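In mature numbering (1 follows the signal peptide of the UniProt record, and there is no 0), the protein residues as written are -24 to -1, 1 to 136.
Have a look at this one:
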């Protein structure tokens, strides 16, 4: 799973309504699925997240306090989906949780197209790397920002 968290000061930056912000985060994931993995993601009316058919591949969360939004998304890339069989994820009974890896495996096994298996023959680390790079690129485009990523080893959270 890749977790992407961004902090935006609402009254100085994009001035989006909270639901517009959630939809923009969903758009980031839908673009990642399409551009990086040729997966057609979508939204489901009345539910948040990014979906492929009946499967939720990404969750979106937003908190606003003192005009600052704390928001993020969680994209299931190579997530072990077994634990989700024992709970009702997000309180949604008639839907499933999926991952990029599981969708790709389904598409390759059901595809008769020659070369499909080669095109999606990534190991877990490669899937995570591709998803990470694509998330940064698509987030920058959707929010019209220039990102300056730092390695996790440079962050102060590790020194405390």
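Where is the CB? At the ideal position from N, CA and C, for every residue including glycine. All of these numbers come straight from a predicted model, not from anything done at the bench.
Q. Which residues share a DSSP beta bridge with residue 124?
A. Taking the chain shown and counting its residues from 1, one reaches residue 124 at position 148. Looking at the DSSP assignment, residue 124 forms no beta bridge with any residue, so it has no partner.
Q: Check the DSSP bridge columns for residue 32 and list the partner residues they point to.
A: For this step, residue 32 is matched to residue 56 along the chain shown. Residue pairing by DSSP places residue 32 opposite 27 and 73 in a beta bridge.
Q | Meets three-Cβ-pair contact criterion under 8 Å: the segment 48 to 58 and the segment 71 to 81 | A | Cβ pair count under 8 Å is three or more, so yes.
Q: Rounded to whole angstroms, what's the CA-CA distance from residue 65 to residue 41? Just pull it up for me.
A: Your numbering for residue 65 matches position 89 in the chain shown. Your numbering for residue 41 matches position 65 in the chain shown. Cα-Cα distance, rounded: 26 Å.
**Q.** C-beta contact flag for residue 12 and residue 18 at 9 Å
**A.** For this step, residue 12 is matched to residue 36 along the chain shown. For this step, residue 18 is matched to residue 42 along the chain shown. Not in contact: residue 12 and residue 18 (Cβ atoms no closer than 9 Å).
Q) If you run the structure through DSSP and keep just helix, strand and coil, what is residue 40? A) As a first step, residue 40 is located in the chain shown; it is residue number 64 there, counting from the start. DSSP places residue 40 in strand when its eight states are reduced to three.
Q: Spatial neighbours of residue -4 within its chain, please: CB distance less than 7 Å, with the 5 preceding and 5 following residues excluded, ordered by chain position.
A: Locating residue -4 in the chain shown gives position 21, where the first residue counts as 1. Shown here for residue -4: same chain residues with a beta carbon closer than 7 Å to its own, the five before and five after excluded, namely 38, 45 and 47 in chain order.
Q) Roughly how many whole angstroms lie between the Cα atoms of residue 43 and residue -8? A) Residue 43 sits at position 67 when you count from the first residue of the chain shown. Residue -8 sits at position 17 when you count from the first residue of the chain shown. In a straight line, the C-alpha of residue 43 is about 12 Å away from that of residue -8.
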